[in-house]
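Heads up: the protein sequence lines correspond to chains A and B, in order.
Per this note's numbering, the very first residue in the first sequence carries number 500; after that it's consecutive.
Per this note's numbering, the very first residue in the second sequence carries number 56; after that it's consecutive.
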Amino acid sequence: MKLTNRSKVVSNKEQTGMEKLYLPGILKGMLITGSHLFKRRATVKYPEETRPMAGVYRGWHVLKRDENGAERCTACGLCAVACPAEAITMESAERKKGEENLYREEKYAKTYEINMLRCIFCGLCEEACPKEAIFLTDRLVDTEYEREDFVYGKSKLVEKVDKRIDVTKRQTLEVAAFKKLPGLKHNEVWSGKNLNKGNKH
Amino acid sequence: MLTFIIYKAIICVAVFALSLAVAAYSTLWERKLSALLQDRVGPDRAGPFGLLQPLADGGKMFFKEEIIPNVSNKFLFILGPSLFMLTALMTGSVIPWCKDVYVAGKLYSVQITDINIGVLFLFGVVSIGVYGIMIGGWASNNKYALLGAIRASSQMISYEIAMGIAVIALIITSGGTLSLREIVEQQDAGVANVVWQPLGFIIFFVCALAETNRAPFDLPECEAELVGGYHTEYSSMKLGLFLFAEYINMFISSAVMAAFYFGGYNFPFAQELYDAMGLADGSKWIAIIGFGAYFTKIAIFISVFMWIRWTLPRFRYDQLMNLGWRYLLPLSLLNLGITVAVEFFRGHLHF
Numbered sequence: 500m501k502l503t504n505r506s507k508v509v510s511n512k513e514q515t516g517m518e519k520l521y522l523p524g525i526l527k528g529m530l531i532t533g534s535h536l537f538k539r540r541a542t543v544k545y546p547e548e549t550r551p552m553a554g555v556y557r558g559w560h561v562l563k564r565d566e567n568g569a570e571r572c573t574a575c576g577l578c579a580v581a582c583p584a585e586a587i588t589m590e591s592a593e594r595k596k597g598e599e600n601l602y603r604e605e606k607y608a609k610t611y612e613i614n615m616l617r618c619i620f621c622g623l624c625e626e627a628c629p630k631e632a633i634f635l636t637d638r639l640v641d642t643e644y645e646r647e648d649f650v651y652g653k654s655k656l657v658e659k660v661d662k663r664i665d666v667t668k669r670q671t672l673e674v675a676a677f678k679k680l681p682g683l684k685h686n687e688v689w690s691g692k693n694l695n696k697g698n699k700h
Numbered sequence: 056m057l058t059f060i061i062y063k064a065i066i067c068v069a070v071f072a073l074s075l076a077v078a079a080y081s082t083l084w085e086r087k088l089s090a091l092l093q094d095r096v097g098p099d100r101a102g103p104f105g106l107l108q109p110l111a112d113g114g115k116m117f118f119k120e121e122i123i124p125n126v127s128n129k130f131l132f133i134l135g136p137s138l139f140m141l142t143a144l145m146t147g148s149v150i151p152w153c154k155d156v157y158v159a160g161k162l163y164s165v166q167i168t169d170i171n172i173g174v175l176f177l178f179g180v181v182s183i184g185v186y187g188i189m190i191g192g193w194a195s196n197n198k199y200a201l202l203g204a205i206r207a208s209s210q211m212i213s214y215e216i217a218m219g220i221a222v223i224a225l226i227i228t229s230g231g232t233l234s235l236r237e238i239v240e241q242q243d244a245g246v247a248n249v250v251w252q253p254l255g256f257i258i259f260f261v262c263a264l265a266e267t268n269r270a271p272f273d274l275p276e277c278e279a280e281l282v283g284g285y286h287t288e289y290s291s292m293k294l295g296l297f298l299f300a301e302y303i304n305m306f307i308s309s310a311v312m313a314a315f316y317f318g319g320y321n322f323p324f325a326q327e328l329y330d331a332m333g334l335a336d337g338s339k340w341i342a343i344i345g346f347g348a349y350f351t352k353i354a355i356f357i358s359v360f361m362w363i364r365w366t367l368p369r370f371r372y373d374q375l376m377n378l379g380w381r382y383l384l385p386l387s388l389l390n391l392g393i394t395v396a397v398e399f400f401r402g403h404l405h406f
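Listed below in structure tokens is the structure:
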């Protein structure tokens with residue numbers, strides 16, 4: 500069965516006199532390669548040029564702050580449970596008095612680490628998060644020389660107060676509505692029992 | 056006497072520098088052309104259009120670790136690439152670069168030496184070139200290097216015969232001279248030798264590809280079978296010398312081909328152009344224009360060498376030997392026979 504018309508049937512027949520001369524065949528081949536001199540280059544000169552990227556690209560995570568600049572993450576650990584690659588670890592701590600402007604709720608993540616070499620950028624952490632705290636962004640993960648440098652801590656994940664990161668393309672109303680579905684306990688949505696409920700929407 | 060020595064020294068250094076510069080920029084052009092033929096851009100980061108890339112490559116080569124295997128014969132291991140480089144550079148000495156020039160009232164020829172057996176010298180030196188590969192490959196004490204070296208030597212020996220016979224036919228048509236300058240000068244007024252020796256040119260071209268170990272005859276360093284061929288064990292600048300000498304060989308064989316078959320520094324209607332510009336014989340402008348024409352021809356040949364490399368797959372070894380012995384050798388003999396017969400009946404040949 501032929502799927503395309505491009506395949507050619509191989510035969511082991513003797514070369515004809517013309518083919519034995521090689522030169523016409525070589526010239527034909529050289530014309531083919533020569534014609535590529537005038538074709539469009541496929542190269543994208545990366546740092547200067549970039550390829551168009553989808554608005555919902557899943558790259559370098561961000562830990563969001565709320566409108567007052569307090570971290571939204573409460574270190575509930577749902578993202579770590581949801582993570583199929585087990586890339587996320589965290590330690591929680593209790594908020595002290597006077598830290599209300601830093602952390603939104605009484606519990607916060609003292610450390611929060613994502614191993615970017617383990618991460619498969621599936622976006623399940625984002626889906627599991629009940630606090631709208633973690634999002635994947637269209638920023639590409641940097642290159643590093645050491646393995647350890649790929650374990651991103653809070654310094655690389657939490658957005659800067661004065662440099663907010665726009666996630667409106669991923670944080671749409673539809674996503675919010677999906678998360679609020681009745682009976683939809685995050686991270687259980689993928690178990691067989693609740694799968695149908697989740698898909699009804 | 057002193058002026059003679061200074062003049063020769065200047066020309067020697069100039070040819071040496073030219074060979075190295077052309078070889079360096081051939082590496083860049085090879086990468087650039089291969090990229091263009093494959094819809095890529097090629098090196099463009101080092102300097103404008105990547106023009107400093109050869110310097111970067113050379114610098115990298117120098118700073119690589121120098122490895123001499125314990126089991127190798129150290130003297131021969133170092134001698135191999137040196138000899139290969141030496142012979143590659145030596146061949147440039149008999150090539151006439153442009154017409155004679157008057158400098159301070161004296162006529163100087165722009166050629167290191169115009170020996171009357173120039174063609175023989177060229178072939179002799181090229182034959183020694185294979186010793187560089189052979190010694191280097193053997194001294195490495197590595198089976199792949201040895202196989203590459205054996206392939207290189209047998210390939211060169213096989214193709215030198217067809218090449219030599221093609222050149223004999225050329226020498227007969229140009230009146231029996233072995234001096235490169237005379238061969239080039241004879242194409243001055245008339246037409247280029249390729250018109251009289253088309254078959255000879257094709258044979259010479261194919262053999263030149265094989266002699267310089269270029270694709271599709273690059274079996275000595277065939278990385279699919281032999282790791283790296285004869286330079287498997289080499290590193291740092293000694294590897295650089297091998298690779299560099301290959302490009303110099305390519306440059307020189309292009310220069311020889313342009314001189315033998317395409318009139319060297321002559322080009323159609325050259326005399327008319329010079330007359331129209333009012334240039335007298337020995338003017339430096341004639342030399343410069345002639346050198347430009349010669350260099351254009353060389354550049355075209357080098358580009359065709361590369362174009363072929365990035366088009367054709369490698370020959371199998373038995374195919375290589377078949378082509379050399381069963382096709383090229385009989386063809387060159389046929390070419391020689393026809394040439395001799397024609398020249399004899401035209402009365403140019405006396406026995």
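We treat Cβ as the ideally placed atom computed from N, Cα and C, and that holds for glycine.
Please read these numbers as outputs of a predicted model, since none were measured by experiment.
Chain-ordered chain B contacts of residue i [CB-CB under 7 Å]
i               : result
R540 of chain A : D94, R95 and V96
G525 of chain A : Note that residue 525 of chain A corresponds to Ile in the displayed sequence, not to Gly. Neighbours of I525 of chain A on chain B, chain order: L367.
Chain A residues whose Cβ lies nearer than 8 Å to that of residue i
i               : result
W365 of chain B : T532
L91 of chain B  : H535 and L536
Integer-rounded CB distance, given that residue j should sit under 8 Å from residue i
i               : j               : result
E121 of chain B : S195 of chain B : With 8 Å as the limit, E121 of chain B and S195 of chain B do not qualify as a contact, their Cβ atoms being about 14 Å apart.
L274 of chain B : R381 of chain B : Actually they do not touch by this definition, with Cβ atoms about 17 Å apart.
D169 of chain B : S234 of chain B : 6 Å
Y349 of chain B : G319 of chain B : 5 Å
C618 of chain A : A586 of chain A : 4 Å
P271 of chain B : P385 of chain B : At roughly 20 Å, the Cβ-Cβ gap does not stay under 8 Å, so P271 of chain B and P385 of chain B are not in contact.
N321 of chain B : V239 of chain B : 7 Å
Q210 of chain B : L383 of chain B : Actually they are not in contact, since the Cβ atoms of Q210 of chain B and L383 of chain B sit about 12 Å apart, beyond 8 Å.
L672 of chain A : V561 of chain A : In fact, because the Cβ distance is near 20 Å, the residues do not count as touching under 8 Å.
Contacts that residue i makes with chain A (C-beta to C-beta distance below 9 Å)
i               : result
W362 of chain B : M529, T532 and G533
heavy atom of the ligand GDP below 7 Å from residue i C-beta
i               : result
Y651 of chain A : As presented, the structure is devoid of all ligands, the ligand GDP included, so that no description of it is given.
Query - Residues of the region 182 to 203 of chain B whose Cβ lies closer than 7 Å to any Cβ of chain A, in chain order - result: Under the 7 Å Cβ criterion, the region 182 to 203 of chain B contributes no residue.
Report task. Could you tell me whether the region 659 to 676 of chain A touches the region 627 to 641 of chain A, where touching means 3 or more Cβ pairs closer than 8 Å? Result -> The region 659 to 676 of chain A is in contact with the region 627 to 641 of chain A.
Report task. Report yes or no: do three or more beta-carbon pairs, one from the region 390 to 398 of chain B and one from the region 109 to 126 of chain B, lie closer than 8 Å? Result -> The region 390 to 398 of chain B is not in contact with the region 109 to 126 of chain B.
Query - Whole beta strand (DSSP E) elements within the region 162 to 202 of chain B, 3-residue minimum - result: Listed in chain order, the beta strand (DSSP E) elements of length 3 or more contained wholly in the region 162 to 202 of chain B amount to none.
**Report entry** Any alpha helix (DSSP H) of 4 or more consecutive residues that is wholly inside the region 224 to 298 of chain B
**Finding:** Counting whole runs of 4 or more residues, the region 224 to 298 of chain B contains the alpha helix (DSSP H) stretches 235 to 241, 253 to 266 and 278 to 281.
Query - Runs of alpha helix (DSSP H) wholly within the region 585 to 654 of chain A (minimum 4 residues, chain order) - result: Every unbroken stretch of the alpha helix (DSSP H) spanning 4 or more residues and falling wholly within the region 585 to 654 of chain A is given here in chain order: 623 to 627.
Query raised in the report: Quick check: the region 138 to 157 of chain B against the region 214 to 227 of chain B, are there 3 or more CB pairs under 8 Å?
Result: Here the region 138 to 157 of chain B makes no contact with the region 214 to 227 of chain B; the two share fewer than three CB pairs at distances below 8 Å.
Query raised in the report: Using 8 Å as the threshold, is the region 540 to 558 of chain A in touch with the region 83 to 101 of chain B, meaning 3 or more CB pairs across them?
Result: The region 83 to 101 of chain B and the region 540 to 558 of chain A touch, with three or more beta-carbon pairs separated by less than 8 Å.
Requested in this report: Mind the definition here: the region 295 to 302 of chain B touches the region 136 to 144 of chain B only if three or more C-beta pairs lie below 8 Å; say whether that holds.
Outcome: By the Cβ criterion, the region 295 to 302 of chain B is in contact with the region 136 to 144 of chain B, since at least three pairs of Cβ atoms, one from each stretch, lie closer than 8 Å.
Report task. Say whether the region 595 to 615 of chain A touches the region 568 to 575 of chain A, bearing in mind that this needs 3 or more beta-carbon pairs closer than 8 Å, one atom from each stretch. Result -> Touching, yes.
Query raised in the report: At a cut of 8 Å, does the region 83 to 92 of chain B reach the region 356 to 364 of chain B through at least three beta carbon pairs?
Result: The count of Cβ pairs closer than 8 Å, one atom from the region 83 to 92 of chain B and one from the region 356 to 364 of chain B, reaches three, so the stretches are in contact.
Query raised in the report: Contact between the region 586 to 596 of chain A and the region 609 to 624 of chain A: three or more CB pairs below 8 Å?
Result: Contact holds: three or more Cβ-Cβ distances are below 8 Å.
Query raised in the report: Which runs of the alpha helix (DSSP H) fall wholly inside the region 507 to 549 of chain A and span at least 4 residues, in chain order?
Result: Fully enclosed alpha helix (DSSP H) runs of 4 or longer: 516 to 519 and 522 to 534.
Query - alpha helix (DSSP H) segments (min. 4 residues) lying fully within the region 102 to 173 of chain B - result: Fully enclosed alpha helix (DSSP H) runs of 4 or longer: 108 to 118 and 129 to 145.
Report task. Count the CB pairs spanning the region 121 to 141 of chain B and the region 182 to 195 of chain B that are closer than 8 Å, and state whether there are at least three. Result -> Contact between the region 121 to 141 of chain B and the region 182 to 195 of chain B is present, because at least three Cβ pairs lie under 8 Å.
Query raised in the report: Just checking, does the region 303 to 312 of chain B make contact with the region 252 to 263 of chain B on the three C-beta pairs under 8 Å criterion?
Result: Touching, per the Cβ criterion.
**Report entry** Start-end ranges of the beta strand (DSSP E) lying completely within the region 290 to 376 of chain B, minimum 3 residues
**Finding:** Counting only runs of 3 or more, we get nothing.
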